[in-house]
Each structure stands twice: as C-alpha cells, then as structure tokens.
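Residue numbers (the numbering used here): 104 to 241.
I have placed the structure first, in the form of structure tokens, so that the comments after it can refer back to it.
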C-alpha cells in the first residue's frame, strides 16, 4: 500500500455548475462533509485501486491509458441512509498516476445526466469541456 497521497483538484466546470447544485440541494453541512469525504477517499487512490486493475464497489476505472485514467465514483450524501450506488450520485475524475494528481471533472446526479446511455452523455460533456481527455474516452 502506498503512503503517498494524491493531490485532488476540483475543476471549474465541476465547481461552478454541478457542485453548486449539490450545495444548494443539500444543507451545506451535509454537502461539505460529503465533499471532504470524497476528497479524502480520492487522496488515497493507490490504496483503493491497487495497481489500477480491479474496481471497488464504489470506484469504476473507465479508460486507462498510460499514466492517465478516467474513473467514476459512486457516492452518497453524508447522513443519508441510501447506499452510494442507489443514490445515483456520481463523480467523474481524471487520475494521473505518475504525477499523483486527481482532477474532479464532473459531479452529478443521475437526475441530471440520466438514462438511457448515461455513460455516453457524461463522456460527451467531458469531451466538449476537457479536450485534453477526449482521447481517453474512446
């Protein structure tokens, strides 16, 4: 297990659009606790996704290419009794395992990016707003 923590950054699109909706929808204390928990979870990325091979119950590795990969994290709001998977809350992040950085690109509820083809929809948002990751999404 690695003891070197990752640096976690929230991209402007995620902050200004998606996270703002969560902070308005949920009491600020619940959302602040949730966001802190997400950041702490991601900081220990090497411990939760050993060798980037197997997916955890909450974390799906979507597109690994070289040192970069796109991951999807299911999460629940602090204080809720709904599981992370059932909540429909998702986070999409880009992980650079060489630089040990994680960039949170999107934070959304399935009510915002819904079926059918949820994955295609969030990939389109990523490709349009983060051209540097477009090649990871094929």
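Each residue gets a CB set at the ideal place from its N, CA and C atoms; glycine is no exception.
- When the alpha-carbon of residue 177 is set against those of 199, 115, 111 and 140, the nearest one is in 140.
- Residue pairing by DSSP places residue 211 opposite 193 in a beta bridge.
- Secondary structure at residue 179: coil, using DSSP grouped into helix, strand and coil.
- DSSP links residue 167 through a beta bridge to 172.
- Contact check for residue 181 against residue 137 passes: the beta carbons are separated by less than 7 Å.
- Secondary structure of residue 206 (DSSP, three-state): strand.
- Note on residue 226: 16 or more other CB atoms within 10 angstroms of its CB, so buried under the neighbour-count rule.
- Nearest Cα to residue 166 within the set 129, 197 and 220: 197.
- One Cα belongs to residue 170, the other to residue 202, and the distance between them is close to 9 Å.
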